[in-house]
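Protein chains: 2
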Amino acid sequence: MKKLSMTPVSEAIQKVVQAFTNQIQTEVIPITRGFGRVIHSDIGVNHDIPPYRKSTVDGYAVQIKDLVGASQNTPVTLLLKGTVEMGKWFEGELNSGEAIYVPTGGMIPEGANGVVMIEDCNRLEGHVLVSKSVQLNENMILKGGDFKSGTIGLERGERLGASQVSVLAALGYDSVEVLRRPTVAILSTGDELVQPGNAIQEGQIYDSNSYGLSALCASYGLDVVSTSIVKDDKEAFKKSIETLHQEADLILLSGGSSVGEHDYTLEMVKQLPESEVLVHGLAFKPGKPTVLAKAQDKLVIGLPGHPVSALMVMDTVGRALLNQIWRMDIPVRPTAQGILTDSIRAAHGRDSCQMVEVHQDGSSLKVVPIKGKSGMISWMAKASGYVVIKHEVGHFEQDTVVKVHLWEPLKSDDWL
Amino acid sequence: MKKLSMTPVSEAIQKVVQAFTNQIQTEVIPITRGFGRVIHSDIGVNHDIPPYRKSTVDGYAVQIKDLVGASQNTPVTLLLKGTVEMGKWFEGELNSGEAIYVPTGGMIPEGANGVVMIEDCNRLEGHVLVSKSVQLNENMILKGGDFKSGTIGLERGERLGASQVSVLAALGYDSVEVLRRPTVAILSTGDELVQPGNAIQEGQIYDSNSYGLSALCASYGLDVVSTSIVKDDKEAFKKSIETLHQEADLILLSGGSSVGEHDYTLEMVKQLPESEVLVHGLAFKPGKPTVLAKAQDKLVIGLPGHPVSALMVMDTVGRALLNQIWRMDIPVRPTAQGILTDSIRAAHGRDSCQMVEVHQDGSSLKVVPIKGKSGMISWMAKASGYVVIKHEVGHFEQDTVVKVHLWEPLKSDDWL
Chain A
0 MKKLSMTPVS EAIQKVVQAF TNQIQTEVIP ITRGFGRVIH SDIGVNHDIP
50 PYRKSTVDGY AVQIKDLVGA SQNTPVTLLL KGTVEMGKWF EGELNSGEAI
100 YVPTGGMIPE GANGVVMIED CNRLEGHVLV SKSVQLNENM ILKGGDFKSG
150 TIGLERGERL GASQVSVLAA LGYDSVEVLR RPTVAILSTG DELVQPGNAI
200 QEGQIYDSNS YGLSALCASY GLDVVSTSIV KDDKEAFKKS IETLHQEADL
250 ILLSGGSSVG EHDYTLEMVK QLPESEVLVH GLAFKPGKPT VLAKAQDKLV
300 IGLPGHPVSA LMVMDTVGRA LLNQIWRMDI PVRPTAQGIL TDSIRAAHGR
350 DSCQMVEVHQ DGSSLKVVPI KGKSGMISWM AKASGYVVIK HEVGHFEQDT
400 VVKVHLWEPL KSDDWL
Chain B
0 MKKLSMTPVS EAIQKVVQAF TNQIQTEVIP ITRGFGRVIH SDIGVNHDIP
50 PYRKSTVDGY AVQIKDLVGA SQNTPVTLLL KGTVEMGKWF EGELNSGEAI
100 YVPTGGMIPE GANGVVMIED CNRLEGHVLV SKSVQLNENM ILKGGDFKSG
150 TIGLERGERL GASQVSVLAA LGYDSVEVLR RPTVAILSTG DELVQPGNAI
200 QEGQIYDSNS YGLSALCASY GLDVVSTSIV KDDKEAFKKS IETLHQEADL
250 ILLSGGSSVG EHDYTLEMVK QLPESEVLVH GLAFKPGKPT VLAKAQDKLV
300 IGLPGHPVSA LMVMDTVGRA LLNQIWRMDI PVRPTAQGIL TDSIRAAHGR
350 DSCQMVEVHQ DGSSLKVVPI KGKSGMISWM AKASGYVVIK HEVGHFEQDT
400 VVKVHLWEPL KSDDWL
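The listed protein sequences derive, respectively, from chains A and B.
Just so we're aligned, residue 0 is where the first sequence starts under numbering that gives the first Met the number 0, counting upward by one.
Just so we're aligned, residue 0 is where the second sequence starts under numbering that gives the first Met the number 0, counting upward by one.
Spelled out as structure tokens, the structure:
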């Protein structure tokens, strides 16, 4: 009987990445849709930020030498010369012995070299009583002190979080050139599959892979352009995959990727234009029956039909390929260290993922392996995450400290 | 001079949460939009999954007693009785000495009690030579072995990840009742603010808070229904905030929340219908000038104008309020342990967040405090995360091991 070969995962990833060069395309989008995107070129600073000496507090602009020795018991009295209006220069200059009110963000008047906070002052008949001294340039940011004109504000390849979006806006950009993300089409194969929401007949099951994979892709920020089901029928399959190949950059097929009698994935992928099957069979558990192929400039991933295997392969191998081929910079899962309550072992010769639950146990974390078969969908939903056992390591004994890859960061009751 | 009071953060959160009871509403959505949502009621299992004994491999259904002692050198020969078609019962029964081909996911024929993988078999003229024995029920899942009819498939309050979406589909649900998420409106205040993309005049700066806060809210999965800028003009402000109060469940105001001469936020919030200011002034750095208020059933957060402060207050206090009032279950930031390269201290009496960079240093993590003023927007964009110094702790010395809250999980070169 023909057997699946078992390509080591890192070798498989490398092979695919090498086959895809120059996959990078860009697009210009409004910054309001920038979150999570990767910027294509360095973002230049075209003017100083702040464009003027700016107060960081509500307070009074002063000459700091006037306040030497000021305290609660020995306040210093300054003449209130006026008020800085937001967005306007103060007409005139601040001299020794004077104070000018300046709001947070307001322009520091000429002659001032420090700002004392409003909380440390009292007003009295045209005067300000100051009960605290300040340092040179205290409570202000100098012109260009945040970003200097002519420098780089954000570096190419950076992923836009909320603060990077803030920076783009602060620099005056309302749009940004980012790397284009691949579009995805998902096809589930199997005579037994029915779409949820419909009645089920004996021998049928609901398709879950299209939905799980769509959700996973959405969590990566990918645009899923189509999901569909096809019967184990060569003609229908051929037509479907050819359509998907036109529609999307990444084609995910679930089921039919093994060496069974009705496993047509390999054959179907092979007949796509300029098709090149790069990997068939991964040294990975769950997920041995996986096909990785290139057809023209499209990536085809033939995923196992088991829901857990399909999601695991996509979330490890698929994520790595998205990050390396399209430079998506999808963050890896958070990890935590914990103590195993039971021994676990890798499948022979395969890097293996053991689903686990984690429980806080005093100050440490208990890592409990979940018993189950890889065909079970409940298995993964119950798990807090998984422990990877590299094949060369082979096993972890009970009470070993292991790294857990978590679906979600650990809960915290704290407000942080 | 009036000073801001300083309510401890946990007390402030508790006060606001207590003022909002029964904020929970639900909506029914297609499961394709379910990712990240929190389910409202237990999800029942209406039929056994799998609905039949299902093979988890491509292989041959057998009676396990026939294979006792089978090995590479001494294979057992079985009569090939036929093939199970996907989604169909096999007509007839398997007897001792027989094998029936069954694909992954196929129904196990009557009489069989194990499945041997195709990889361990060879076909020869109507017979199958099997070189491996199997255990009872090996390579199959029993009827209801994944989910038993009448049980609970997913528990209320669970947040839908990709595997939970898979489970919903597998159980046949195409829609799901989830908790409604609050809609958000964002208003930046300040005479000096200009929208990015426009020319800037002397004394003006670009509004960045609407954009940063929008991005942060989007990352929480919230729908931002409006963002706008208003001048430091009471009438205009009043009109704007009244409109927002109609539009959204959560109103974020940035700037004007302190005690300066043009800080109208407090006054404006007070005149909203059934307004109740719960907190003005947080024992938190950055973010002391924060207003937390309730107006009818709407939450109003008056955030500081400093971009870093606004984002930090929203990502800590705001996130906690979203999670507790609307039970959104937004995950907390991932954390990591590292060694401080410099001592850091809390602002007097305030729980303080120190922005830090982290660098891998051999097997440990170096945590480098970033020097900067809280008015600087570059400060936060440079940071990998922040260290919290609770006011009662006061400071951390150089070389202490501290917990870092990371904007994003640490990068890994590994494929996992």
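We put the CB at the ideal spot given by N, CA and C, even for glycine.
Within the region 327–340 of chain B, the residues whose Cβ lies closer than 8 Å to any Cβ of chain A are, in chain order, Pro330, Val331, Arg332, Pro333 and Thr334.
Rounded to the nearest whole angstrom, the CA to CA distance from A:Gly160 to A:Phe34 is 6 Å.
The beta carbons of B:Ile343 and B:Ile388 sit closer together than 8 Å. Per the C-alpha coordinates, the member of B:Thr226, B:Glu109 and B:Gln200 positioned closest to B:Thr188 is B:Thr226. Neighbourhood of A:Asp41 in chain B, by CB distance below 9 Å: empty, with the nearest CB roughly 14 Å away. At a beta-carbon threshold of 8 Å, the residues of chain A lying near B:Thr55 are His305, Lys372, Ser373 and Gly374, ordered along the chain. Using a Cβ-Cβ cut-off of 7 Å, B:Ile140 is close to Lys372, Gly374 and Met375 of chain A, given in chain order. Beta-bridge pairing by DSSP links A:Leu178 to A:Thr25. Cβ proximity to chain A below 8 Å picks out Ala168, Ala169, Leu170, Gly171, Tyr172, Asp173 and Ser174 from the region 168–180 of chain B.
For A:Tyr263, the nearest beta carbon of chain B is not closer than 8 Å to its own beta carbon. Proximity of the region 120–139 of chain B to the region 273–281 of chain A falls short of the contact definition, fewer than three beta-carbon pairs being nearer than 8 Å. Among the residues of chain A, those whose CB is under 8 Å from the CB of B:Gln163 are Ala380, following chain order. Going by C-alpha positions, A:Arg32 is about 40 Å away from A:Tyr263.
Judged by DSSP secondary structure, A:Thr82 falls outside any alpha helix (DSSP H) and instead within the beta strand (DSSP E) spanning Val75 to Thr82. The residue among A:Val331, A:Val129 and A:Asp145 with its C-alpha nearest the C-alpha of B:Ser411 is A:Val331.
Taking the Cα positions, A:Trp378 is about 15 Å away from B:Asp47. When 8 Å is used as the limit between beta carbons, A:Tyr59 is near no residue of chain B, the shortest such separation being about 10 Å. Spanning the alpha carbons of B:Thr76 and B:Ala69 requires a straight line of approximately 9 Å. Close CB contacts of B:Asp65 within its chain, under the 7 Å cut and outside five residues either way in sequence, are with Val75, Leu77, Ser95 and Gly96 (chain order). When DSSP states are grouped into helix, strand and coil, A:Arg158 belongs to the strand group. Contact annotation for B:Trp406 against chain A: Gly160 and Ser162 [CB-CB distance below 8 Å, chain order].
Counted as a single uninterrupted DSSP element, the stretch harbouring B:Ile369 is not any beta strand (DSSP E), since DSSP gives it neither H nor E. Going by DSSP, A:Thr103 is part of no alpha helix (DSSP H) at all; its letter is neither H nor E.
Among the residues of chain B, none has a CB under 9 Å from the CB of A:Trp325; the nearest is roughly 15 Å distant. Between A:Gln203 and chain B, the shortest Cβ-Cβ separation is below 8 Å.
With respect to chain B, the C-beta atom of A:Ser207 has a partner C-beta closer than 8 Å. Neighbourhood of B:Leu310 in chain A, by CB distance below 8 Å: Ala161, Ser162 and Ser165, in chain order. Exposure of A:Glu391 is indicated by the presence of fewer than 16 other C-beta atoms within 10 angstroms of its C-beta. Below the 9 Å Cβ cutoff, chain A contributes no neighbours of B:Met267, its closest Cβ being approximately 16 Å away. Within the region 23–34 of chain B, the residues whose Cβ lies closer than 8 Å to any Cβ of chain A are, in chain order, Ile30, Thr31, Gly33 and Phe34. Against chain B, the beta carbon of A:Leu215 has neighbours under 7 Å at Ala161, listed in chain order.
Within the region 239–305 of chain B, the alpha helix (DSSP H) runs of at least 4 residues that lie entirely inside it are, in chain order, 264–269. Around the beta carbon of A:Thr55, a 10 Å sphere encloses 16 or more other beta carbons of the protein chains shown; the residue is thus reported as buried.
With 16 or more other CB atoms across the displayed protein chains lying within 10 angstroms of its CB, B:His261 is buried. Closest in alpha carbon position to B:Arg52, among B:Ile38, B:Phe89, B:Gln22 and B:Gln71, is B:Phe89.
The secondary-structure analysis by DSSP pairs A:Ala217 with nothing; it has no beta-bridge partner.
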